[in-house]
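Working notes for the structure below.
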Amino acid sequence: MTAPLIELKNVTKRFGEKTVLDRVNLTIFEGDITTIIGKSGEGKSVLLKHIIGLLRPDEGEILFNGKQLKGMTRKERRSIKRQVSYMFQNNALFDSLTVFENIALPLREKTRLDEDAIRIKVMAQIDQMELSEVTDKYPSQISGGMQKRVALARALVSEPKIILFDEPTAGLDPLRKNVVLSMIARHQKKIRFTAILVSHDIPDVLFISNRVAIIDDGRIPFQGTPMELEQSENPVVQQFIKGQASLKDELTGLNTRRYIENMLIQEMGRPDRLQESFSIVMFTIENLEQINEHIGHIAAQQIIQFLGTLIKDHFDTADTSARYSQNEILMILPHTGLKKAKQVLDELATDLQKQEIFQAESYPKACFSFSILAGLAEAGPGMDLDSLIGQALSHQKNIVHLECIKHGETA
Amino acid sequence: MAQATNSIFAPFSRLGKLSIAFLGELGAIAIFFIHAFALIFSLPLQVSKTMQQVFFIGAKSILIILLVGLFTGMVLGLQGYYTLVKFGSEGVLGAVVALSLIRELGPVMTALMIIARAGSSMAAEIGIMRISEQIDALETMDINPIRFLVSPRIVASLISFPLLTAIFNVIGIVGGYLSGVCLLGINSGIYLNRIEPNVAMQDVRGCFIKAFVFGIIVATICCYQGYFTHMRPGGFGAKGVSLATTSAVVLSCVLVLVVDYVLTSFLL
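Going down the list, the sequences are from chains A and B.
For the first sequence, our numbering begins at -15 and goes up steadily by one.
For the second sequence, our numbering begins at 707 and goes up steadily by one.
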């Protein structure tokens, strides 16, 4: 195991009578996305502010690369501060500066770059965040989702090694929420910064996290991978996950992965199952990254949303489909054999191919390839969940395909 | 018995607590100023930000200073004339108007007008930045908020106050001329001629010293009140900003007048 980048050891913080953090231990590894989840008012933001040094612990210590924050010289502390960005819950954009000036501020104040170099860097961020229309507007003149993206751009522009996100998706609609999360994930993959997220948007946020910590009553009863989270026996964790199981995926309106897995396990364990065959279909949206890149994050999320809604509206009478991962949707077809299922899938494929959103002509300015794969599997005797899903994945074929058309050449 | 003594001493202990709190606050303001003043000279110098503040505090206040200066001079001319005419010495009206403006009214009235116009907005702007976490955001970017927000305002005040005071004095003397010469018929030559020999360099120097000191007081107190909006007891959020603005204006007005007395007694 690699050495942790940041370590909180027995950190306690009190505000007056109230103990907000009670001997908190937390470990953060380099290059990971660590998500801290918990109910509101449980001290999540306070925890983040300790990591960046806006607040100091009453007791306990915080270590960076094994070195105590308290014992550092001012110079050392500043050099750490320069590697860290913070995205505030309510964005904390400078409201008397334009969008451009907001993003440029860290560069103007803290680097010796000339104005041209700054402009190039800032414009690159603005293009990536799809903000080019509002460059000269003030924060109060743009929408909440855009403000979030400006804050994200400002956090990224100084190329930090660590970024702390305080509720990056709070107050956004499901589509924008997923847009922000997918942007964070994408940039994290590209620049490999260490991210610490505070959120209560489960399950969406779990799709992009490597590690999860739960904060409850000022303490951290659990930290580990999302997988370990699901298997944990800890009662507080159980309570969290149970709460989650009743939730639906906000973006698509489909069920969550946990819900459908439980359902599948139950279904496969039924003694009378042999008379009642059922099939599953696994949809995968391929090249979502390219859509992010060429058309935009909003379009990419809209495609997921569209596919989810279409499946739900046309085929999901028994509420049996779920968003399985960021770009996968799993559908169960009850009382359906493989043959009938294939028919159903063909119908869906024809329907999908007709949709405007999947026509190359809808994207005249971009060049990218994109496809939706679907794979069928029928539950047979003696199969377990993994092999059933594995089978569906291995049988995946294109049902929608969109190839890059070079408009310049054909015209 | 003990209770009775307690109730006798209660007002005194309250007074003592209040005085200590007041002195503590003054000390904190002084430290705040020294901090901000030292950061003025840290490189790179914040020239463009300072110029923006000079524009905001100085250039944009010119109109109001002209207006207030003109009427102050005019009323001085009127009042002075009716008092002086009783002694038959209305000839010295020019000197009376010029001296009272340069020595007293110019710096004080200018400071009060800038407090009302720019000081209140300094406190409110910085206060809003505090409550919306913009100051925290600066800190996380390793930008010193005092250097970024307060230092340029102090420099800008040091530049603007003396210049605005000078404008106030000149327009005030013109106002006195309007009411004394044009309305009440004093000889124009006598009015102007009496000014030059009666106003000494010492008066002008005192005027500028006052303007500098008032500039420091106003900028420091208004920035301080805004900067520590979140530490105020009894008001959070927008309420906190409104309290901060109010106390910035009240405290700087009172201090300007108190310090004016102290300075005058030293300069005389």
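Don't be surprised by glycine CBs; every beta carbon is placed ideally from N, CA and C.
Burial state of residue i (16 or more Cβ within 10 Å)
i	result
His319 of chain A	exposed
Ile288 of chain A	buried
Cys888 of chain B	exposed
Ala724 of chain B	The residue you asked about is not Ala; residue 724 of chain B is Leu in the sequence shown. Label assigned to Leu724 of chain B: exposed.
Ala395 of chain A	Note that Ala395 of chain A scores a pLDDT of 33, beneath 50, so its modelled location is shaky; the value from the coordinates is reported in the next line. Per the 10 Å Cβ criterion, exposed.
Lys59 of chain A	exposed
Val814 of chain B	buried
Gly292 of chain A	buried
Thr789 of chain B	exposed
Asn49 of chain A	exposed
Proximity test, Cβ basis, 8 Å: residue i and chain A
i	result
Gln759 of chain B	no
Asn785 of chain B	The question names Asn, yet the displayed sequence has Gln at residue 785 of chain B. Judged by the 8 Å Cβ criterion, Gln785 of chain B is not in contact with chain A.
Ile849 of chain B	yes
Thr846 of chain B	yes
Ser838 of chain B	yes
Ala862 of chain B	no
Ala843 of chain B	yes
Where the beta strand (DSSP E) containing residue i begins and where it ends
i	result
Tyr933 of chain B	Not the beta strand (DSSP E): Tyr933 of chain B falls in the alpha helix (DSSP H), residues 907 to 933.
Asn239 of chain A	Where Asn239 of chain A is concerned, there is no enclosing beta strand (DSSP E), given that its DSSP letter is neither H nor E.
Asp200 of chain A	195 to 200
Met828 of chain B	No beta strand (DSSP E) contains Met828 of chain B, which is instead part of the alpha helix (DSSP H) from 826 to 837.
Asn472 of chain A	In this structure chain A extends from -15 to 395, so residue 472 of chain A is not present and cannot be described.
Arg809 of chain B	Arg809 of chain B -> no beta strand (DSSP E), and no H or E assigned at all.
Phe267 of chain A	263 to 270
Ser355 of chain A	354 to 362
Below-8 Å beta-carbon distance, residue i vs any chain B residue
i	result
Phe404 of chain A	Because chain A in this structure spans residues -15 to 395, residue 404 of chain A falls outside the shown range and cannot be described.
Ala76 of chain A	yes
Ile192 of chain A	no
Ile36 of chain A	yes
Pro90 of chain A	yes
Lys2 of chain A	no
Glu(-9) of chain A	no
Lys59 of chain A	no
Lys40 of chain A	A quick correction: the sequence has Arg, not Lys, at residue 40 of chain A. No, Arg40 of chain A does not count as interfacial toward chain B.
Phe(-1) of chain A	no
Arg66 of chain A	yes
Lys161 of chain A	no
Glu93 of chain A	yes
Rounded straight-line distance, which links the Cα of residue j to that of residue i
i	j	result
Gln125 of chain A	Phe84 of chain A	13 Å
Lys51 of chain A	Pro41 of chain A	16 Å
Ile264 of chain A	Ala284 of chain A	25 Å
Thr926 of chain B	Phe942 of chain B	22 Å
Gln131 of chain A	Asn75 of chain A	7 Å
Asp111 of chain A	Asn276 of chain A	12 Å
Glu312 of chain A	Gly364 of chain A	23 Å
Ser838 of chain B	Gln223 of chain A	34 Å
Val163 of chain A	Ile295 of chain A	21 Å
Leu961 of chain B	Asp201 of chain A	48 Å
Val68 of chain A	Ile147 of chain A	6 Å
Phe715 of chain B	Leu721 of chain B	10 Å
Gly392 of chain A	Cys351 of chain A	Residue placement at Gly392 of chain A is poorly supported in this model, since its pLDDT is 46, which falls under 50; the coordinates still yield a value, given next. Whole-angstrom Cα-Cα distance: 10 Å.
Ile356 of chain A	Ser261 of chain A	26 Å
Phe13 of chain A	Glu217 of chain A	24 Å
Asp6 of chain A	Leu745 of chain B	38 Å
Ala950 of chain B	Ala742 of chain B	19 Å
Thr846 of chain B	Phe290 of chain A	39 Å
Asn(-6) of chain A	Tyr967 of chain B	56 Å
Residue interval of the alpha helix (DSSP H) (run including residue i)
i	result
Tyr787 of chain B	768 to 790
Glu214 of chain A	210 to 215
Thr970 of chain B	943 to 973
Asn86 of chain A	83 to 94
Ile841 of chain B	840 to 846
Option in the options with minimal Cα separation from residue i
i	options	result
Leu115 of chain A	A:Arg138, A:Leu89, A:Thr95, A:Glu43	A:Arg138
Val760 of chain B	B:Ala742, B:Leu870, B:Gln785, B:Leu732	B:Leu870
Met247 of chain A	A:Gly292, A:Leu314, A:Ser353, A:Ile12	A:Leu314
Leu811 of chain B	B:Gly730, B:Gly775, B:Ile737	B:Gly775
Gln908 of chain B	B:Arg809, B:Val919, B:Thr778, B:Ala829	B:Arg809
Leu884 of chain B	B:Gly786, B:Ser827, B:Ile915, B:Phe918	B:Gly786
Gln339 of chain A	A:Val328, A:Leu386, A:Ala108	A:Leu386
Asp16 of chain A	A:Phe177, A:Pro123, A:Leu159	A:Phe177
His171 of chain A	A:Leu136, A:Leu91, A:Glu251	A:Leu136
Arg(-2) of chain A	A:Leu31, A:Asn86, A:Leu10, A:Gly359	A:Leu31
Ser894 of chain B	B:Ile879, B:Leu855, B:Phe718	B:Ile879
Leu818 of chain B	B:Ile771, B:Ala944, B:Val802, B:Ser719	B:Ile771
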